Every structure is written in structure tokens, then in C-alpha cells.
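For what it's worth, this note's numbering labels the leading residue of the sequence shown as 2, then goes sequentially. Quick reminder that beta carbons are idealized off the backbone N, C-alpha and C, glycines included. If you're wondering where the values come from, they're calculated on a predicted model, not measured in any experiment. Working notes for the structure below.
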Amino acid sequence: MKLLKLVPQETNFDFISLRFIASAISLVIILGSISLLGFKGLNLGVDFTGGTLIEIRSEKPANLPELRAEMNALSLGAISIQEFGTDTDLLIRLPQQDGDETTQKAAIEKTRAALSNFFEGEELDYRRVEYVGPQVGDELKKAGLLAFLLSMAGILIYIWVRFEWQFGVAAIMALFHDSIGVLGFFALTGESFDLATLAAVLLVAGYSINDTVVVFDRVRENMRKYKKKELGDLLNLSVNQMLSRTIMTSLTTVLVLAMLYFFGGEVIKGFTEALIFGVVLGTYSSIYVAAPLLMLLGARDNSKPAEEKSAT
């Protein structure tokens with residue numbers, strides 16, 4: 002009995018012929034992401050900026066425009082209010098106040114008094130009140146940046162040691178494409194960027210480089226096997242051979258992440274959004290960024306085939 006296959010085992014798509022169109026799309030993604038990061042920037046969460054996070058549950062849905070007006074009247078800075086899962090759950094972000102911890106606590110009490118006045122007659126459930134001081138926020142920002150840079154450095158060293166320089170350059174460019182694309186996605190949507198979403202960016206980098214390495218391994222194997230084959234034909238063959246594995250792995254990953262997105266609650270929503278977008282982008286880059294870059298760089302495998310090595 003034959004098993005149902007969503008992707009045929011043997012395909013013959015000409016991916017390399019679309020490399021110029023794919024390059025234009027990738028250029029738009031990279032330049033658009035850099036522009037968004039430069040002009041709009043990331044909406045850094047309390048983890049990085051310092052401030053207070055208050056999560057409440059009311060008995061009835063709140064009128065958000067009126068509540069925002071009430072909060073802005075407190076003169077505590079730009080207070081962010083959003084629904085958190087259901088229309089009775091609210092997440093309120095207070096910016097870091099000038100002064101010491103006492104000043105921040107006073108701002109929290111002032112906010113609580115205003116909330117009690119706005120929801121008069123209702124019993125409010127304060128589910129979470131978290132305060133991150135400015136010094137802690139700066140330390141977390143530096144630690145997060147260091148973790149990101151060290152992770153990227155480790156990946157780059159691994160690729161450079163394992164493959165020839167053309168493969169290394171192509172993998173690095175694909176990794177940059179995916180990482181900057183995810184950061185641009187957060188700048189575009191304005192979603193809060195905190196430690197959890199930074200972890201998602203690092204996971205995307207690892208997932209992306211894994212996809213690229215799998216394709217590159219097959220390319221190098223075929224280079225040894227088909228010495229006289231044109232590079233474009235060889236790259237098409239290699240990508241087609243790994244297409245079923247690439248798409249099925251990505252599809253199953255996205256399905257799991259979709260379940261987390263819809264049923265995991267607001268706490269991990271940003272995390273799963275980043276991963277879903279990153280997995281899709283990583284799949285695209287392993288096919289339409291990494292392989293065409295090898296074509297551009299004129300990649301060749303300089304190692305000897307196994308039979309030649311044994312003969313010497």
C-alpha cells in the first residue's frame with residue numbers, strides 16, 4: 002500500500018533559473034528590514050527598557066479608548082494598554098520613571114488607584130505586577146546582545162571550518178538574510194521584543210543554518226559524483242533531491258508552532274510568531290538564497306573523492 006506523499010520524492014524544478022527574481026525579493030526583504038529597524042526600530046519590552054508590567058482581569062470588557070485616556074491623564078509617560086488573550090484580560094506597560102525605586106512604586110500605586118476608579122463596582126484581579134529597574138534592563142540588553150553575537154560567531158566558525166569558502170560565504174549571507182528578516186518583521190508589526198523573542202531569533206538562526214547545511218552536504222556530494230555536470234544543473238539536482246525533506250520538516254514545524262500560537266496564550270505569542278515567520282523565511286533562503294549564491298560564487302569541491310584518496 003502506497004503512502005500518501007504531499008511532496009513527490011523525485012522533482013525536477015528549475016530553481017536556479019528564478020535566481021534573479023529571488024534575489025530581487027531577498028534584496029527587498031533585507032533593505033526593507035534595515036530601513037524599518039533604522040527609522041522605526043524595535044518595540045523593546047520591559048526586559049530591556051525597564052519599567053512595570055501589570056496584568057489585570059476585569060469582570061466586564063473595558064472600553065480601551067476611554068481607559069487609555071484615563072491612563073494618559075496620569076502624566077506617567079507613554080502607557081501601553083492591550084488585550085491579553087480575552088477581552089477581560091488587560092496588559093498595561095508603564096515606562097521607567099525618573100527617580101529611584103520609590104518613584105516607580107508610587108507610579109504603580111497611582112495606576113492602581115486610577116484602575117480602581119475606572120472599573121468602579123468591579124472586582125479587579127491583579128494577576129501579575131512585574132518591575133524591572135533601569136540597571137537590570139541595561140544588563141539584560143547587554144547580555145542579550147552578547148548571547149546573539151556569540152551564537153552568530155559560533156555558527157560562522159562551524160560553517161567556515163566544515164565547508165569551502167564559497168559555501169561559507171553563501172551560508173553566512175543566508176543566515177544574515179533570515180536574522181535581519183525576523184528583526185524587520187518585529188519592527189514592522191510593533192510586537193514587543195523581549196528576551197523570549199530574542200531566543201526565538203537565535204532558534205531561527207539555528208534552524209536556518211541546519212536547512213542550509215543539509216542542502217550544502219548534498220551539493221558537495223553531487224560535486225564529487227558528477228564531475229562534468231554544469232554547476233547550475235548540479236545545484237538544481239541537489240535542491241530537488243532535498244526538497245521533500247526540507248518542505249516536510251518545515252511544514253511539521255509550522256503546524257506545531259501554529260498550535261502554540263492559537264492555544265498557547267499571549268505569553269508566548271510573540272515567540273511563536275517569530276518562529277513561524279523565521280521557519281518559512283529559512284526554508285525560502287535555503288532554496289532561493291544559499292544555492293543561487295553558490296552559483297554566483299562558482300563553488301567547487303576541492304576535496305578528493307573517496308576512491309581517489311584510497312588509490313593514493
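{"Query": "Within the chosen definition, does the segment 71-78 reach the segment 22-31 through at least 3 CB pairs nearer than 8 angstroms?", "Result": "no"}
{"Query": "In whole angstroms, what separates the C-alpha of residue 193 from that of residue 253?", "Result": "26 angstroms"}
{"Query": "Going by Cα to Cα distance, which pick from 130, 202, 173 and 241 is closest to residue 58?", "Result": "130"}
{"Query": "What is the DSSP secondary structure of residue 237, counted as helix, strand or coil?", "Result": "helix"}
{"Query": "List the whole-angstrom C-beta distance separating residue 288 from residue 210, where the pair is believed to meet the contact cut-off of C-beta under 8 angstroms.", "Result": "Not a contact, Cβ separation roughly 14 angstroms."}
{"Query": "List the whole-angstrom C-beta distance separating residue 160 from residue 181, where the pair is believed to meet the contact cut-off of C-beta under 8 angstroms.", "Result": "Not quite, the Cβ-Cβ distance comes to about 17 angstroms (not below 8 angstroms), so this is no contact."}
{"Query": "Would residue 208 and residue 122 qualify as a contact pair, given that the criterion is a beta-carbon distance under 8 angstroms?", "Result": "no"}
{"Query": "Across the segment 60-68 and the segment 80-90, are there enough close Cβ pairs to call them in contact, namely three or more that are closer than 8 angstroms?", "Result": "yes"}
{"Query": "Quick one: which unbroken alpha helix (DSSP H) runs of 4-plus residues sit fully inside the segment 13-82? Chain order, please.", "Result": "20-40, 47-50 and 65-73"}
{"Query": "Drop a sphere of 10 angstroms on the beta-carbon of residue 110, count the other beta-carbons inside from all chains shown, and report buried for 16 or more, exposed for fewer.", "Result": "exposed"}
{"Query": "Secondary structure at residue 146, three-state DSSP: helix, strand or coil?", "Result": "helix"}
{"Query": "Could you name each continuous alpha helix (DSSP H) segment of 4 residues or more that falls completely within the segment 209-293, going from the start of the chain to the end?", "Result": "232-264 and 270-289"}
{"Query": "Using 8 angstroms as the threshold, is the segment 12-25 in touch with the segment 83-102, meaning 3 or more CB pairs across them?", "Result": "no"}
{"Query": "Leaving out the 5 sequence neighbours to the left and right, which residues in its chain are closer than 7 angstroms to residue 14 when beta-carbon positions are compared?", "Result": "241"}
{"Query": "Looking at the unbroken beta strand (DSSP E) that takes in residue 95, where does it start and where does it end?", "Result": "87-96"}
{"Query": "Taking residue 196 as the reference, which of 44, 244 and 281 has the closest Cα?", "Result": "44"}
{"Query": "Residue 286 and residue 203 look like a contact to me (Cβ under 8 angstroms); what is the Cβ gap, rounded to whole Å?", "Result": "Between residue 203 and residue 286 the Cβ distance is about 16 angstroms, and since that is not below 8 angstroms, they are no contact."}
{"Query": "In the segment 158-199, which residue ranges form an unbroken alpha helix (DSSP H) of at least 4 residues, counting only runs that do not cross its ends?", "Result": "166-190"}
{"Query": "Go ahead and pull the three-state DSSP assignment for residue 139.", "Result": "helix"}
{"Query": "Just the Cα atoms here: how many angstroms apart are residue 12 and residue 237?", "Result": "10 angstroms"}
{"Query": "With a threshold of 16 other CB atoms inside 10 Å of the CB of residue 186, please say whether the residue is buried or exposed.", "Result": "buried"}
{"Query": "State the start and end residues of the unbroken alpha helix (DSSP H) segment that holds residue 110.", "Result": "102-119"}
{"Query": "Tell whether a beta-carbon distance below 8 angstroms holds between residue 282 and residue 171.", "Result": "no"}
{"Query": "On the DSSP bridge list, what partners appear for residue 99?", "Result": "Residue 99 is not bridged to any residue."}
{"Query": "Beta strand (DSSP E) containing residue 131: first to last residue?", "Result": "126-133"}
{"Query": "Measure the alpha-carbon distance for residue 293 versus residue 205 and round it to whole angstroms.", "Result": "21 angstroms"}
{"Query": "Quick one: is residue 297 buried, meaning 16 or more other Cβ sit within 10 Å of its Cβ, or exposed?", "Result": "exposed"}
{"Query": "Classify residue 41 as buried or exposed, calling it buried when 16 or more other Cβ atoms lie within 10 Å of its own Cβ.", "Result": "exposed"}
{"Query": "Using CA atoms only, rank isn't needed, just tell me which of 190, 37 and 158 is closest to residue 176.", "Result": "158"}
{"Query": "For residue 39, which option in 142, 106, 115 and 184 has the closest C-alpha, if you only look at C-alpha atoms?", "Result": "184"}
{"Query": "Find out if the Cβ-Cβ distance for the pair residue 54, residue 189 is shorter than 8 angstroms.", "Result": "no"}
{"Query": "In or out: residue 154 buried (at least 16 other Cβ within 10 Å) or exposed?", "Result": "exposed"}
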